[in-house]
Amino acid sequence: MSQTSKNEVLLEARKLTRRFGGLVANQDIDVTLERGMIHVLLGPNGAGKSTCINMLSGDLPPSEGEIRYLGKDITRLSAAQRSQEGIGRSYQRTNIFPQFTVLENVRLAAQSRRQQPWRIFSKAMEQQWALEKARACIEEAGLGRRVDWLSGVLSHGEQRQLEIAMVLATDAQVLLLDEPLAGMGSEESASMVAVLKRLPQTRGILLVEHDMDAVFAVADRITVMVNGQLLECGPPAQIKASVAVQQAYLGTEDSFHV
Ligand SMILES: Nc1ncnc2c1ncn2[C@@H]1O[C@H](COP(=O)(O)OP(=O)(O)OP(=O)(O)O)[C@@H](O)[C@H]1O
Ligand SMILES: [Mg+2]
64 MSQTSKNEVL LEARKLTRRF GGLVANQDID VTLERGMIHV LLGPNGAGKS
114 TCINMLSGDL PPSEGEIRYL GKDITRLSAA QRSQEGIGRS YQRTNIFPQF
164 TVLENVRLAA QSRRQQPWRI FSKAMEQQWA LEKARACIEE AGLGRRVDWL
214 SGVLSHGEQR QLEIAMVLAT DAQVLLLDEP LAGMGSEESA SMVAVLKRLP
264 QTRGILLVEH DMDAVFAVAD RITVMVNGQL LECGPPAQIK ASVAVQQAYL
314 GTEDSFHV
C-alpha cells in the first residue's frame, strides 16, 4: 500500500489503559485512525478524552496497551520522537512567539523538523524551502490574510489556526487536537470548522470536541467514551441513533441534539 493511500491505517491503539493511583482514566481503549478521516473523541467531562490524546501524543505513558503508527510500535517513544515520526499535536498552552510574525512562527516550525538533511543544502536554500513551506501551511490553515501580522495581535481563534499551521509545517500525518474550538465565538468556530474539514486529504485527524454542531459537521468516525470506558465507535449516523450514547449524555452539561 502506498504511503498516501486513503483509508490506510495511520494510528492504532489497542487496549490503552491509564491509571492515576486508584482511578482508571482509560480502560482498554481501542482507537483506529485512518488517513483521510476526521475521528472525533466524544464524551462527558472527565470521560478520559484528554488522557487518551496525551497517551497517543507521547505526553503521558500508558499503564498498559500498545500504540502503532504505520504499523510500527511507538508505545515507548517520547513526544519529540513521535513528532519526528509524523504525529503532531497542538497544545492549548501555546508555543507561539507573540513578537514574531505568523510567517516567522510557521517557518521556525518547518525548520524544527529538519535537522540533518540540510547538510547538503546551503543556508539560503534552507531558508527558501522553509518560507515556501510556511506560506503553504498558513494558506491551508486559513490565515493567508495574516501572514505578515505579529502573532501576538491575532484573535484567539486566529492563534488556534496558527497552531494548526505550525503543526502542518512539521509534516504531521496525524494531527491530535484537544478541543480546537475551545473559547471561540460562532464566527471563529465556523472558520476553524472549514479549516478542519480541508485537512484530512492526506492526513488523519483525531480531535476532541464538545460542540455537537461542530462534531457532526466534521466527523467521519466518532468514538464515545464514558468514565474511562469505550462506549461506542462508529459513523456519525450510528452514534446519533445510539440509545446508549444518548443515555450517557442525559444529565450532563453537554447538549446532545439529534
Ligand atoms: N494527571 C492526572 N492525575 C490524576 N488524575 C488525572 C490526571 N489527568 C486526568 N486525571 C483524571 O482522569 C479522569 C479523566 O480526565 P481527562 O482530562 O482525560 O478527561 P476529559 O474527558 O478530557 O474531560 P474534559 O471534557 O473535562 O476535558 C478525570 O477523573 C481526571 O480527574
Ligand atoms: Mg479534556
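In this text, residue positions in the sequence shown follow the working numbering: the first is 64, and each later residue adds one. Yeah, the Cβ is synthetic: ideal placement off N, Cα and C, and Gly gets one too. Every value quoted in this text rests on a predicted model; they were computed, and no experiment measured them.
Subject >> Identity of the residue in Q310, D234, V289 and G149 nearest L73 by Cα >> reply: Position 10 of the sequence shown holds residue 73. When each option's Cα is compared against that of L73, the closest is G149.
**OP:** Please confirm whether any heavy atom of ligand 1 lies closer than 7 Å to the CB of S113.
**Re:** Mapped onto the sequence shown, residue 113 falls at position 50. Flag set: Cβ of S113 near ligand 1.
Subject >> Sequence ranges, alpha helix (DSSP H) only - wholly within the stretch 100-128, length at least 4 >> reply: DSSP runs (the alpha helix (DSSP H)) wholly in the stretch 100-128: 112-120.
**OP:** Can you have a look at G121 and say buried or exposed, based on whether 16 or more other CB atoms are within 10 angstroms of its CB?
**Re:** Position 58 of the sequence shown holds residue 121. With 16 or more neighbouring CB atoms inside 10 Å of its own CB, G121 falls in the buried class.
Original post:
Can you tell me where the alpha helix (DSSP H) with I268 in it begins and where it stops?
Top reply: Position 205 of the sequence shown holds residue 268. Here I268 belongs to no alpha helix (DSSP H); instead the beta strand (DSSP E) covers G267 to V271.
Original post:
Does the distance from the C-beta atom of L206 to that of R170 stay below 8 Å?
Top reply: Within the sequence shown, numbered from 1, the residue matching residue 206 stands at position 143. Within the sequence shown, numbered from 1, the residue matching residue 170 stands at position 107. No, the Cβ-Cβ distance between L206 and R170 is not below 8 Å.
Original post:
In whole angstroms, what is the alpha-carbon distance linking E127 and T114?
Top reply: Along the sequence shown, read from residue 1 onward, the residue named residue 127 stands at position 64. Along the sequence shown, read from residue 1 onward, the residue named residue 114 stands at position 51. Between E127 and T114, the C-alpha separation is close to 13 Å.
**OP:** For K78, I'd like the list of residues in its chain whose CB is within less than 8 Å of its CB, leaving aside the five on either flank, ordered along the chain.
**Re:** As a first step, residue 78 must be located in the sequence shown, where it is residue number 15. D91, I92, D93, E127, G128 and E129.
Subject >> Contact between the stretch 279-296 and the stretch 99-117 (3+ Cβ pairs under 8 Å) >> reply: Judged by Cβ distances under 8 Å, the stretch 279-296 makes contact with the stretch 99-117, as three or more pairs qualify.
Original post:
What does L239 pair with, by DSSP beta-bridge criteria?
Top reply: Translated into the one-based positions of the sequence shown, residue 239 becomes position 176. Paired residue(s): R152 and L269.
Subject >> Sequence-distant residues of its chain with Cβ nearer than 7 Å to A197 (five each side left out) >> reply: To locate residue 197, count along the sequence shown from 1; it is residue 134. Beyond the five residues adjoining it in sequence on each side, A197 comes within less than 7 Å, by CB distance, of L166, V169, R170, A173 and A232 in the same chain, given in chain order.
**OP:** Can you give me the Cβ contacts of W212 inside the same chain, cut-off strictly under 8 Å, excluding the 5 residues immediately before and after it?
**Re:** In the sequence shown, residue 212 corresponds to position 149, counting from 1. Answer for W212: T164 and V165, listed in chain order.
Original post:
Looking at C-alpha atoms only, which residue of A204, S175 and E203 is the closest neighbour of Q190?
Top reply: Along the sequence shown, read from residue 1 onward, the residue named residue 190 stands at position 127. Nearest Cα to Q190 within the set A204, S175 and E203: S175.
Original post:
So, I302 versus I101, is the Cβ gap smaller than 8 Å?
Top reply: Counted from its first residue, the sequence shown places residue 302 at position 239. Counted from its first residue, the sequence shown places residue 101 at position 38. Taking the C-beta atoms as reference points, I101 is found no nearer than 8 Å to I302.
**OP:** Please go through the same chain and pick out, in chain order, the residues whose beta-carbon is closer than 8 Å to the beta-carbon of T80, but skip the five residues on each side of it.
**Re:** For the purposes of this step, residue 80 is taken as residue 17 along the sequence shown, with counting starting at 1. Result list for T80: V87, N89, Q90, D91, I92, P125, S126, E127 and G128, in chain order.
Original post:
Is the beta carbon of G106 within less than 7 Å of some heavy atom of ligand 1?
Top reply: Counting from 1 along the sequence shown, the entry for residue 106 is found at position 43. Indeed, a heavy atom of ligand 1 lies less than 7 Å from the Cβ.
Original post:
Which same chain residues, not among the five before or five after A235, have their C-beta less than 6 Å away from its C-beta?
Top reply: Counted from its first residue, the sequence shown places residue 235 at position 172. Counting only residues of its own chain and dropping the five nearest sequence neighbours on each side, A235 has a CB closer than 6 Å to the CB of G149 and G151.
Original post:
Taking the alpha carbon of G134 as the point to measure from, which residue in P299, A204 and E97 has its own alpha carbon closest?
Top reply: In the sequence shown, counting from the first residue as 1, residue 134 sits at position 71. Ranked by Cα distance from G134, the options P299, A204 and E97 are led by E97.
Original post:
Expressed to the nearest angstrom, what Euclidean distance is found between the alpha-carbon atoms of T95 and R209?
Top reply: Numbered from its first residue, the sequence shown carries residue 95 at position 32. Numbered from its first residue, the sequence shown carries residue 209 at position 146. Roughly 35 Å between the two C-alpha positions.
**OP:** Quick one: using the 10 Å Cβ neighbour count with 16 as the cut-off for buried, is N117 buried or exposed?
**Re:** Here residue 117 refers to the residue found at position 54 when the sequence shown is read from its first residue. Around the beta-carbon of N117, 16 or more other beta-carbon atoms lie within 10 Å, marking it buried.
Original post:
Can we count A88 as close to ligand 1, meaning its CB is less than 7 Å from some heavy atom?
Top reply: Counting from 1 along the sequence shown, the entry for residue 88 is found at position 25. Between ligand 1 and the CB of A88, the shortest heavy atom gap is smaller than 7 Å.
**OP:** Round the Cβ separation of E251 and S218 to the nearest angstrom and send it over; I've been treating them as touching at under 8 Å.
**Re:** Position 188 of the sequence shown, counted from the start, is the residue given in the question as residue 251. Position 155 of the sequence shown, counted from the start, is the residue given in the question as residue 218. Yes, E251 and S218 are in contact; Cβ-Cβ is about 7 Å, under 8 Å.
Original post:
Exposed or buried, which one is T286 when buried takes at least 16 other CB atoms within 10 Å?
Top reply: Stepping through the sequence shown from its first residue, residue 286 is reached at position 223. It counts as buried.
**OP:** Go to I285, then tell me how far its beta strand (DSSP E) extends in each direction, as first and last residue.
**Re:** Taking the first residue of the sequence shown as position 1, residue 285 is located at position 222. Counted as a single uninterrupted DSSP element, the beta strand (DSSP E) harbouring I285 occupies residues R284 to V289.
Original post:
Around the C-beta of R261, are 16 or more other C-beta atoms found within 10 angstroms, so that it is buried, or is it exposed?
Top reply: As a position in the sequence shown, residue 261 is number 198, starting the count at 1. Counting C-beta atoms within 10 angstroms of its own C-beta, R261 has fewer than 16 neighbours from the protein chains shown and is therefore classed as exposed.
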